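Using UniProt numbering, you'd call the opening residue of the sequence shown number 1 and step up by one each time.
Below you'll find the structure, written out as structure tokens, and then a few comments.
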Amino acid sequence: MTTTTRGNLFILSAPSGAGKSSLIKALLEKHQDIKVSVSHTTRAARPGENNAEHYHFVSVEQFETLIQQGDFFEWAKVFDNYYGTSKAAIEEQLNSGIDVFLDIDWQGAQQVRKLVPDVKTIFILPPSQQELENRLNGRGQDSKEVIASRMAQAKSESSHYNEFDYVLINDDFNTTLSQLEHIVMAARMELSAQQTRHAALISDLLR
């Protein structure tokens, strides 16, 4: 007999174009017991993005009201747009045994660490600057000026890689996805989780 344990909280951060969103999508497709927090943002929806599925798209005024109400687990302003994570939604999922990923930047990660010291943090790096630029150009949705700005921002963001527990180089997608899965599985095998999950078995073995 096993007991449901509280889920683990993970942070996945990366510079734009490193492949973070694709990795999260693939991870969720393979594992029904892993979810990603749907953040609030004031930026405009990109082609193919749906409200409440990819983000909760809100106005600046709405976002700032939510900040004042203390509704966010963390929030940050990136590229002149706000991003924030709902407290209530995360707690509900964790308490039901779901592992939750926060798709946030290093600023948000710093905020979350103060509130949840045992959060597992992962940073994704591209294999090279040239490959990162190729990926950004390949999206076909940003101007040269925007891409230049994102490249500069990527360098700044990447300088915070050493604040994270794990660092993955996304050169080969399937390899990186496998490494990400191993981190999740290892967290589930930690002592505190196993003691709760198999309390009856351990008690019986030690009688």
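Idealized CB from N, CA, C, for every residue including glycine.
As the structure is a prediction and not an experimental result, all values here were calculated from the model.
Please identify the residue among the options whose C-alpha is closest to the C-alpha of residue i.
| i | options | result |
| --- | --- | --- |
| A26 | H40, E64, F101 and S96 | F101 |
| D105 | N137, E157, E133 and L132 | E157 |
| A89 | R46, H56, F173 and P127 | H56 |
| N170 | S37, S16 and T196 | S16 |
| A109 | Q93, E131 and G84 | G84 |
| L9 | E29, D33 and A18 | D33 |
| E74 | Q111, E190 and T176 | Q111 |
| P127 | E92, K155, S149 and D142 | K155 |
| D103 | K35, E131, E91 and L12 | L12 |
| K87 | R197, F72, F79 and D172 | F72 |
| K30 | L191, E181, M189 and Q195 | E181 |
| A18 | A186, R188 and R139 | R139 |
| residue 233 | I122, E190 and R207 | No answer is possible for residue 233: it lies beyond the span of the chain, which begins at 1 and ends at 207. |
| D118 | L206, G48, E190 and D204 | E190 |
Note down, in chain order, each residue of its chain lying with its Cβ closer than 6 Å to the Cβ of residue i, except the 5 sequence neighbours on either side.
| i | result |
| --- | --- |
| N14 | The question names Asn, yet the displayed sequence has Ala at residue 14. For A14, where only same-chain residues beyond five positions count, the Cβ hits under 6 Å are K20 and I124. |
| Q179 | L168 |
| A193 | T5 |
| I202 | none |
| Q107 | A76 |
Could you tell me whether the Cβ of residue i comes closer than 7 Å to any Cβ of chain B?
| i | result |
| --- | --- |
| Y55 | The structure shown has no chain B; it contains just one protein chain. |
In its own chain, which residues sit with a C-beta less than 8 Å from the C-beta of residue i, not counting the 5 before and 5 after it?
| i | result |
| --- | --- |
| I147 | E133, L136 and N137 |
| V116 | L9 |
| A52 | V38 |
| L206 | none |
Just list the residues that DSSP pairs residue i with in beta bridges.
| i | result |
| --- | --- |
| residue 236 | Because residue 236 is not part of the residues shown, which for the chain are 1 to 207, the question remains open. |
| Y166 | I122 |
| V100 | L9 and K35 |
| F72 | S86 |
Please report the Cβ distance between residue i and residue j, rounded to the nearest whole angstrom; I am assuming they are in contact, meaning their Cβ atoms lie under 8 Å.
| i | j | result |
| --- | --- | --- |
| H40 | L66 | 7 Å |
| D165 | K120 | 6 Å |
| D99 | V184 | 6 Å |
| K35 | Q93 | 6 Å |
| R46 | Q141 | 7 Å |
| G7 | G97 | 5 Å |
Is residue i near the ligand ADP, in the sense that its beta carbon is under 6 Å from a heavy atom of that ligand?
| i | result |
| --- | --- |
| S16 | For the structure depicted, the ligand ADP is absent and the ligand set is empty, with no information on it obtainable. |
Using C-beta distances below 7 Å, list every residue in its chain close to residue i, excluding the 5 sequence neighbours before and after it, in chain order.
| i | result |
| --- | --- |
| T42 | V58, S59, V60, F63, N81 and Y82 |
| L177 | L23, A26 and L27 |
| H160 | W106 |
| Q195 | I202 |
| V78 | D105 |
| S149 | none |
Exercise for the section: Write down every uninterrupted run of the beta strand (DSSP E) in the stretch 26-58 whose length is 3 residues or greater and which is fully enclosed by it, in chain order. Expected result: 34-36
Practice task
Tell me the start and end of each unbroken alpha helix (DSSP H) in the stretch 129-154 that is at least 4 residues and wholly inside, in chain order.
Solution key: 129-138
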